[in-house]
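Worksheet: one structure, shown below.
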Amino acid sequence: MSLDDQYFPATRRALTREVIVDAVDTRPAEPRRVRTATVLAIVAGAVAIPTAGATAYYAFAPVEDTRYVRCFTSASLSGDAIFLSRANAPNDPPAIVENPVAGCGDLWSQGVLLPGVTDAQPPTPGANLPVPELSACVIADGDRDVVAVVPGGVDVCAQLGLLRWQR
Amino acid sequence: MSASDEELWANSARGSAAAFGQLFDRHADGVYRYCFRRTGSWSDAEELTSITFLEAWRSRGKAHLRDGSLLPWLLGVATNVDRNRRRAARRYSAVLHRLPRPEVVPDLADASAARLDAEITARAILVELNRLTDRDRDVAILCLGQGLTYAEAAAALGIPIGTVRSRLSRARERLSSTAQGEMDVRPREGRS
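Same order as they appear, the protein sequences are chains X and H.
According to our numbering, the first sequence holds residues 407 to 573 in order.
According to our numbering, the second sequence holds residues 119 to 310 in order.
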């Protein structure tokens, strides 16, 4: 009894999906867990970066697994991120993204990312769109830390209550 | 660039209904076929699939992906939901009430001879499967029906691989060769 060619009937499948997504969407999203406690613990090892007339301190956190990078389209964590992953061949497992800022920057350049738009757009062939200033921060995702690339300058991670990323 | 199950689940766990919808698109048919094998009814399989996804959302903090796929865990959720279907149906009665009923939204595929034949065959197999213990039956349907590897079945049911092997061995002894032949699929031992 092979059932491989049997599918959830398309009409009811679509309606069922709509009802289920609507049902779960009415529940409040879990707050994004930002590790403020970790921020405090790591500040002691912060790197001093000399600036004009003052010294600013930025806290960094290491994340080695950069297979899945979150590209945000605004300096806010309230919307969904667009995931960036890289594979050497279509069926290969995701590879490490060596430069998350450059990777998300490429998506901005191709028009995949647009300011404030939380859905990925189809890339525009030949596009070379302006890329905003981007910074790599660290967010908690479940029980692990991941890299989030956010539009903004060197202060944006701290403004969001996040650590800056370092490999 | 298609998001992986891991990525979609991470977003779902943070409350993204859109990501959860994509997971539904990806796995609804697999869950549906499994539910059909457990119930012998396409109609019941639809309801069980719906409850499974609602329960998966409720339990989204507990998911374990196996080799990057959410499907084995979803089949485990479906197994538990089927065992406790009345309670689960009560929990989601408000949502289930909104689901389309077959008679309200007819689908020509329902009338196909293949689907009717499949129901007849599945019910005949269920007669034999119901002679097994619940535990042996779960393993038999997952491995012989769905073609899960031992490791995937172990992940789905939250039991050791050795337990899957012994339960499957016991189920094979008790199922007729006809029923095993009708279930059609063999566990993919090489990937376990």
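Where is the CB? At the ideal position from N, CA and C, for every residue including glycine.
Whose C-beta lies closer than 6 Å to the C-beta of Gly194/H among residues of the same chain, with five residues either side of it excluded?
Here residue 194/H refers to the residue found at position 76 of the second sequence. Ala274 and Leu275.
Let me confirm a value: Glu270/H is counted as buried when at least 16 other C-beta atoms fall within 10 Å, else exposed. Which label applies?
The count along the second sequence starts at 1 and reaches residue 270/H at position 152. Classification for Glu270/H: buried.
Relative to the C-alpha of Gln516/X, which candidate in Pro528/X, Glu539/X, Thr524/X and Gly522/X has its C-alpha closest?
Position 110 of the first sequence, counted from the start, is the residue given in the question as residue 516/X. Checked all of Pro528/X, Glu539/X, Thr524/X and Gly522/X; the closest Cα to Gln516/X is Pro528/X.
Starting from Phe142/H, follow the alpha helix (DSSP H) in both directions and report where the run begins and ends.
Within the second sequence, residue 142/H is the residue found at index 24, counting from 1. Phe142/H -> alpha helix (DSSP H) spans Ala135 to Thr157.
How should Arg550/X be labelled, buried or exposed, when 16 other C-beta atoms within 10 angstroms of its C-beta is the threshold for buried?
Locating residue 550/X in the first sequence gives position 144, counting from the first residue. That one is exposed.
Nearest by alpha-carbon distance to Leu293/H: which of Ala258/H, Trp160/H and Pro278/H is it?
Here residue 293/H refers to the residue found at position 175 when the second sequence is read from its first residue. The shortest C-alpha separation from Leu293/H is found at Ala258/H.
Excluding sequence positions up to five away, which residues of its chain have a Cβ less than 7 Å from the Cβ of Glu124/H?
For the purposes of this step, residue 124/H is taken as residue 6 along the second sequence, with counting starting at 1. Counting only Cβ-Cβ distances below 7 Å, and skipping sequence neighbours, we find Leu183 and Gly186.
Looking only at its chain, what residues have a beta carbon closer than 8 Å to the beta carbon of Cys543/X, apart from the 5 residues adjacent to it on each side?
As a working mapping, residue 543/X is identified with position 137 in the first sequence. Closer than 8 Å at the Cβ level, and outside the excluded window around Cys543/X, lie Val553, Ala554, Val555, Val556, Val562, Cys563, Leu566, Leu568, Leu569, Arg570 and Trp571.
Out of Ala526/X, Thr530/X, Val507/X and Arg473/X, point me to the one whose CA is closest to Gly559/X's CA.
Here residue 559/X refers to the residue found at position 153 when the first sequence is read from its first residue. The shortest Cα separation from Gly559/X among Ala526/X, Thr530/X, Val507/X and Arg473/X belongs to Val507/X.
With DSSP as the reference, please indicate the residues paired to Pro468/X in a beta bridge.
Against the first sequence, residue 468/X aligns to sequence position 62. Beta-bridge pairing links Pro468/X to Gln572/X.
Would you list the residues sitting across from Phe489/X in a DSSP beta bridge?
As a first step, residue 489/X must be located in the first sequence, where it is residue number 83. Answer is Arg476/X.
Let me know the secondary structure DSSP gives Ala452/X once reduced to three states.
Walking along the first sequence from the start, residue 452/X turns up at place 46. Here the model assigns Ala452/X a pLDDT of 32, short of 50, so the residue's position is not dependable, and the following value carries that caveat. Reduced to three states, the DSSP call for Ala452/X is coil.
Which term fits Asn129/H, buried or exposed, when burial requires 16 or more other beta carbons within 10 angstroms of its beta carbon?
As a position in the second sequence, residue 129/H is number 11, starting the count at 1. Buried, by the Cβ-count rule.
Would a check of beta-carbon distances place Gln527/X closer than 8 Å to chain H?
Start at 1 with the first residue of the first sequence, and residue 527/X comes out as number 121. Chain H, which has no Cβ nearer than 8 Å to the Cβ of Gln527/X, makes this no.
Classify Leu535/X as buried or exposed, calling it buried when 16 or more other Cβ atoms lie within 10 Å of its own Cβ.
Stepping through the first sequence from its first residue, residue 535/X is reached at position 129. Leu535/X is exposed by the Cβ-count criterion.
Less than 8 Å between the CB atoms is what I'm expecting for Pro500/X and Arg476/X, so what's the real figure, rounded?
Taking the first sequence and counting its residues from 1, one reaches residue 500/X at position 94. Taking the first sequence and counting its residues from 1, one reaches residue 476/X at position 70. About 13 Å separates the beta carbon of Pro500/X from that of Arg476/X, a gap too long to meet the 8 Å contact definition.
For Ser480/X, which residues from the same chain have a beta carbon less than 7 Å from its beta carbon, with the 5 sequence-adjacent residues on both sides left out?
Start at 1 with the first residue of the first sequence, and residue 480/X comes out as number 74. Once the five neighbours on either side are set aside, the close Cβ partners of Ser480/X are Pro521, Gly522 and Pro557.
Closer than 8 Å by beta-carbon distance: list the chain X residues that pair up with Thr167/H, in chain order.
Here the question's residue 167/H lines up with position 49 in the second sequence. Residues of chain X with a Cβ closer than 8 Å to the Cβ of Thr167/H are, in chain order, Phe414 and Thr422.
Hey, out of Ala135/H, Arg151/H and Arg216/H, whose CA is closest to Ala196/H's CA?
Taking the second sequence and counting its residues from 1, the one referred to as residue 196/H is at position 78. When only C-alpha atoms are compared, the closest one is Arg151/H.
Can you check DSSP and say which residues form a bridge with Ala557/X?
As a working note, residue 557/X is residue 151 in the first sequence. Sequence check: residue 557/X is Pro here, not Ala. Answer by DSSP bridge pairing, in chain order: Leu540/X.
Less than 8 Å between the C-beta atoms of Ala146/H and Asp431/X, yes or no?
In the second sequence, counting from the first residue as 1, residue 146/H sits at position 28. In the first sequence, counting from the first residue as 1, residue 431/X sits at position 25. The answer is no: Cβ separation not under 8 Å.
Quick check on the DSSP output: what are the complete beta strand (DSSP E) runs of length 3 or more inside the stretch 159 to 221 of chain H, in order along the chain?
DSSP runs (the beta strand (DSSP E)) wholly in the stretch 159 to 221 of chain H: none.
Could you please tell me which residues of the stretch 527 to 546 of chain X, in chain order, have their CB closer than 9 Å to any CB of chain H?
none
Going by C-alpha to C-alpha distance, which of Ala242/H, Arg253/H and Arg203/H sits closest to Ser168/H?
Taking the second sequence and counting its residues from 1, the one referred to as residue 168/H is at position 50. It is Arg203/H.
Which chain X residues sit within Cβ distance under 7 Å of Ala121/H?
Locating residue 121/H in the second sequence gives position 3, counting from the first residue. Phe489, listed in chain order.
How about Ile426/X and Phe154/H: are their beta carbons less than 8 Å apart?
The residue labelled residue 426/X in the question sits at position 20 within the first sequence. The residue labelled residue 154/H in the question sits at position 36 within the second sequence. Ile426/X places its beta carbon 8 Å or farther from that of Phe154/H.
Closer than 8 Å between beta carbons: that is the criterion. Which residues of the stretch 168 to 192 of chain H meet it against chain X?
Ser168, Phe171, Leu172, Trp175 and Gly186
Consider the Cβ of Val553/X: report whether some Cβ of chain H lies at a distance smaller than 8 Å.
To locate residue 553/X, count along the first sequence from 1; it is residue 147. So, not an interface residue.
Just list the residues that DSSP pairs Ala273/H with in beta bridges.
What you label residue 273/H is simply residue 155 of the second sequence in a count that begins at 1. For Ala273/H, which the question treats as bridged, DSSP gives no partner whatsoever.
Going by DSSP, which residues form a beta bridge with Val552/X?
Numbered from its first residue, the first sequence carries residue 552/X at position 146. Beta-bridge pairing links Val552/X to Ile545/X.
What is the DSSP secondary structure of Ala128/H, reduced to helix, strand or coil?
Along the second sequence, read from residue 1 onward, the residue named residue 128/H stands at position 10. It is helical.
Taking 8 Å as the CB-CB limit, is Tyr268/H close to chain X?
By one-based count along the second sequence, residue 268/H stands at place 150. False, the Cβ-Cβ gap to chain X never drops below 8 Å.
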